[in-house]
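Below is one structure, written out as structure tokens; the observations come after it.
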Amino acid sequence: MRGYFVVVEGCDRSGKSTQCERLVDRLQSQGKAVQLFKFPDRTTQTGKMIDSYLKQSTQMDDHAIHLLFSANRWEALAHMKSLLEQGTTIIVDRYAFSGVCFSAAKGLDFEWCRQPDIGLLTPDVVMFLDLSMDEAEKRGGFGDERYEKRDLQLRVRQEFNKVMDSTWKTIDASKSRDEVHDDMMTVVEGLSPNPGPLRQDLWMD
Ligand code: NYM
Ligand code: MG
1 MRGYFVVVEG CDRSGKSTQC ERLVDRLQSQ GKAVQLFKFP DRTTQTGKMI
51 DSYLKQSTQM DDHAIHLLFS ANRWEALAHM KSLLEQGTTI IVDRYAFSGV
101 CFSAAKGLDF EWCRQPDIGL LTPDVVMFLD LSMDEAEKRG GFGDERYEKR
151 DLQLRVRQEF NKVMDSTWKT IDASKSRDEV HDDMMTVVEG LSPNPGPLRQ
201 DLWMD
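Quick note, the sequence shown lines up with residues 1 to 205 if you use full-length UniProt numbering.
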């Protein structure tokens with residue numbers, strides 16, 4: 001059987017990266033084949049350009065950086081596909097939803113933003129780690145990367161509300177780390193035992 005494609009989305013400081021790592025560790029400790037992916041993948045050529053943009057060391061046109069984030073996902077497609085087909089579940093920390101929501105929050109046209117990611121793999125489930133801005137700020141505030149600003153994050157949150165549909169699983173990220181982890185495990189354990197063929201039709205409807 002193929003692996004599951006699980007996406008975890010949310011604003012900055014929602015605990016995504018910590019929880020994704022924990023989820024992978026837990027599933028691996030149960031003997032399951034599971035691998036973590038994180039977008040942007042800052043290690044590739046496009047990833048290095050994205051990293052330097054996020055760290056404010058380079059300037060880039062908003063459209064150009066949007067396309068780079070998308071290219072960074074297309075680069076990983078073959079690897080993700082082959083793992084899934086071999087039966088490995090992948091937990092993916094951010095995906096095309098972040099791509100659209102951050103760029104749309106900056107003011108780019110929403111429909112334009114979706115175009116470059118059309119035809120990527122479609123996840124089996126998207127979990128949204130939901131945390132209010134006040135809670136996020138209580139967690140020690142944001143770092144100094146580009147986008148880590150209250151105003152923008154509030155707009156990103158609104159964009160997430162637009163892209164999420166009834167298939168998304170909202171996780172209350174204000175709960176304790178253990179509770180959030182348990183809630184995420186419940187979602188993964190509830191995935192259909194027969195997920196059907198892998199779908200490479202993101203936003204093609
Ligand atoms: N981000 C992430 C985008 O603007 N577009 C994308 O397509 C993706 C995947 O990059 N603030 C933004 C969201 C984050 C930043 O991500 C870096 P992270 O997960 O904080 O390393
Ligand atoms: Mg971040």
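In this text, a Cβ means the ideal position worked out from N, Cα and C, and glycines have one as well.
The alpha helix (DSSP H) with residue i in it runs from where to where?
| i | result |
| --- | --- |
| M204 | Unbroken run through M204: none, as it is neither H nor E. |
| L131 | First-last for L131: undefined, no H or E at that position. |
| K162 | 150-163 |
| S14 | Unbroken run through S14: none, as it is neither H nor E. |
| R114 | 110-114 |
Does DSSP classify residue i as helix, strand or coil?
| i | result |
| --- | --- |
| E9 | strand |
| I50 | helix |
| D93 | strand |
| D41 | coil |
| G3 | coil |
| D124 | coil |
| E145 | coil |
| K175 | coil |
| R139 | coil |
| N72 | helix |
| Q30 | coil |
| S166 | coil |
| T88 | coil |
| R199 | coil |
| S192 | coil |
| G99 | helix |
| I118 | coil |
| K81 | helix |
For the beta strand (DSSP E) that residue i lies in, which residues bound it at each end?
| i | result |
| --- | --- |
| M60 | That residue, M60, is in no beta strand (DSSP E); it is neither H nor E in DSSP. |
| Q35 | 34-38 |
| K169 | 169-172 |
**Message:** Can you confirm whether the region 47-56 touches the region 24-37 when touching is taken to mean that 3 or more C-beta pairs between the two stretches lie within less than 8 Å?
**Reply:** no
**Asked** Which residues have a Cβ closer than 7 Å to any heavy atom of the ligand MG, listed in chain order?
**Response** D12, G143, E145, E148
**Request:** Evaluate contact between the region 11-31 and the region 175-186, counting only Cβ atoms and requiring at least three cross-stretch pairs below 8 Å.
**Result:** Contact between the region 11-31 and the region 175-186 is present, because at least three Cβ pairs lie under 8 Å.
**Asked** Is there contact between the region 133-146 and the region 90-105, where contact requires at least three CB pairs shorter than 8 Å?
**Response** no
**Prompt:** Does the region 161-180 come close enough to the region 45-52 that 3 or more CB-CB pairs lie under 8 Å?
**Reply:** no
**Asked** Contact between the region 116-132 and the region 197-204: three or more CB pairs below 8 Å?
**Response** yes
**Asked** On the three-pair Cβ rule with 8 Å, is the region 151-166 touching the region 189-197?
**Response** no
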